[in-house]
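The structure appears below as structure tokens.
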Amino acid sequence: MTFIDPMTKSTDPALTEFIDLFRQAFTAGALVRLLLSKYQGQDAELQRVQIRPVQLKNELLLSFLSENRTFDSTKNYTLADACTLLTAWIGRDFYNALLETQSQEVQLGISKKGKVLLNKRKIAQPKAPAVLAHNKEKHRFVEQSRPYLQALGITDAQGQLIPSMSKKWKQINKFIEVLSKAISQTGLAQQQALHVADFGSGKAYLTFAVFDYLTSTLGLKAQVTGVELRQPLVDLCNNTARLLALDGLQFEQGDVKHFKARGINVMIALHACDTATDYAIHMGIRTGAEIIMCSPCCHKELRPQLLSPPVLSPLLVHGIHAGQQAEMLTDGLRALLLEAHGYDTQVFEFISLEHTSKNKMILAQKRKKPKDNKAVLAQIAELKAFYGIKQHCLETLLATAEPTS
């Protein structure tokens with residue numbers, strides 16, 4: 093969520109009292125948490141925000157944890173800034189707020205007619221205040237002590253993070269965080285066994301992390317296959333998996349265009365160049381994967397085909413803008429084609445796994461209920477006609493089968 097400083101403040105006395113109670117609880121060291129829910133704002137990803145006190149060095153601040161559909165984010169604010177934001181958000185973006193202190197709970201709700209309702213309740217058993225140390229603020233989905241991290245050169249013999257691998261460590265955690273939510277939302281966590289395919293696995297940092305998360309954290313029986321074109325990397329990763337006795341993790345030489353896959357639950361393809369992403373998505377749909385995760389790289393196919401409206405020519409004379417337009421259209425059509433073939437799809441910014449600007453992710457989760465896709469197919473046709481697109485690789489690959497719901 094993008095936090096912006098509000099220009100106006102509400103003068104509702106109930107809201108003013110609520111903010112004052114929040115301020116008093118924080119100042120007195122009695123604040124447990126503040127939960128903002130019933131979000132009605134414009135951010136499609138955001139679900140709710142939790143606010144807790146956090147100790148950063150010698151300063152006590154307020155940690156705002158934004159819980160999103162894909163992954164969470166945290167920002168810290170002073171009391172003054174926090175109160176200003178709350179005054180603007182409650183009633184405009186959030187329609188419910190729960191304040192928990194050591195001695196009471198205060199519920200603030202806003203009705204459909206805009207009426208602010210305030211309800212206070214004393215707590216029989218006092219709660220302990222929540223002052224979080226900074227090192228506890230960052231929840232990690234991967235334990236730093238895991239053996240594979242040392243084997244891959246991310247941590248040293250004492251389990252300490254090697255400084256040069258700090259970015260990779262953050263990327264692994266962010267990827268597992270996204271995967272964790274997708275597994276929970278699709279119900280795959282309740283299955284006894286999962287099959288995951290990671291195409292273009294490279295040095296397999298993520299492949300090892302996925303296997304460890306599924307088996308060690310979730311306790312599932314997992315078969316994880318890393319597919320890589322370069323044989324030396326395949327051999328290296330297989331040797332590492334054998335040394336760690338990771339039964340169920342294996343690596344094979346091949347590419348996404350020719351690999352024969354069946355019964356895959358999770359299909360991963362990060363930085364598959366140009367139409368290789370289309371082949372990966374097609375394979376995921378064909379094999380019935382519940383989760384498809386792609387991070388596209390290069391967008392060469394559509395750019396020569398684009399016939400943009402004349403009014404846009406002053407903008408698209410710049411190569412960077414023309415490239416961004418081709419990228420947006422390519423990945424937008426991929427998302428729509430996934431929608432038309434039975435998936436709920438999100439396209440969002442993700443941390444680059446190769447330290448480049450290619451940090452977009454397409455996350456698709458197989459739909460549980462049927463849906464009429466005629467409108468989506470019409471949108472695809474309209475976009476192609478508008479831009480003069482004659483061919484899109486993924487659409488061509490999918491043309492042999494009717495769209496599923």
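As numbered in my numbering, residues 93 to 497 make up the sequence shown, in order. Don't be surprised by glycine CBs; every beta carbon is placed ideally from N, CA and C. Because the structure is a prediction, the values reported are computed rather than measured.
Proximity to glycine 292 across Gly279, Ala372, Gln263 peaks at Ala372, based on C-alpha coordinates.
For alanine 274, same chain residues with a beta-carbon under 7 Å away, outside a window of 5 residues either side, are Ile383, Leu455, Gln457 in chain order. For serine 155, the beta-bridge partners assigned by DSSP are Arg144, Asn168.
Note on geometry: alpha-carbon atoms of alanine 333 and glutamine 284 lie some 22 Å from one another. For serine 272, the closest of Asp464, Ser158, Arg232, Arg395 by C-alpha to C-alpha distance is Arg232.
For lysine 313, the enclosing beta strand (DSSP E) has its first and last residue at 313 to 320. Short of 7 Å from the beta carbon of arginine 213, and not among the five residues preceding or following it, lie these beta carbons of its own chain, in chain order: Gln196, Glu197. Secondary structure of lysine 262 (DSSP, three-state): helix.
Counting C-beta pairs with one atom in each stretch, the stretch 353 to 362 and the stretch 373 to 380 have three or more that are closer than 8 Å, which means they touch.
Classified as buried, leucine 280 has 16 or more neighbouring CB atoms from the shown chains inside 10 Å of its CB. A contact between stretches requires three or more CB pairs, one per stretch, nearer than 8 Å, and the stretch 474 to 486 meets this requirement with the stretch 382 to 399.
Non-local beta-carbon contacts of serine 203 in its own chain, meaning distances under 8 Å to residues more than five positions away in sequence, involve Leu209 in chain order. About 17 Å separates the beta carbons of leucine 200 and isoleucine 215, which is beyond the 8 Å limit, so they are not a contact pair.
Between alanine 432 and asparagine 465, the beta carbon gap of about 5 Å places them in contact (Cβ cut-off 8 Å). Ranked by Cα distance from glutamine 342, the options Cys329, Phe163, His350, Asp248 are led by Cys329. Going by C-alpha positions, leucine 335 is about 58 Å away from proline 401. Along the length of the stretch 355 to 388, whole beta strand (DSSP E) runs at least 3 residues long occupy 358 to 365, reported in chain order. Note on geometry: alpha-carbon atoms of leucine 306 and alanine 314 lie some 7 Å from one another. The alpha carbon of aspartate 164 has as its nearest neighbour, out of Gly346, Lys476, His287, Asn265, the alpha carbon of Asn265. With 16 or more other Cβ atoms from the protein chains shown falling within 10 Å of its own Cβ, serine 158 counts as buried. In the DSSP annotation of this structure, the continuous segment of the beta strand (DSSP E) that includes alanine 189 starts and ends at 186 to 193.
Residues Thr317, Ala353, Ile356, Met359 of the same chain have their beta carbon placed closer than 6 Å to that of alanine 289, with the five preceding and five following residues left out of the count.
Taken in chain order, the whole alpha helix (DSSP H) runs of length 4 or more contained in the stretch 242 to 311 are 258 to 278, 297 to 304. For aspartate 423, the uninterrupted alpha helix (DSSP H) segment begins and ends at 411 to 432. In the structure shown, isoleucine 215 adopts coil according to DSSP, grouped into three states.
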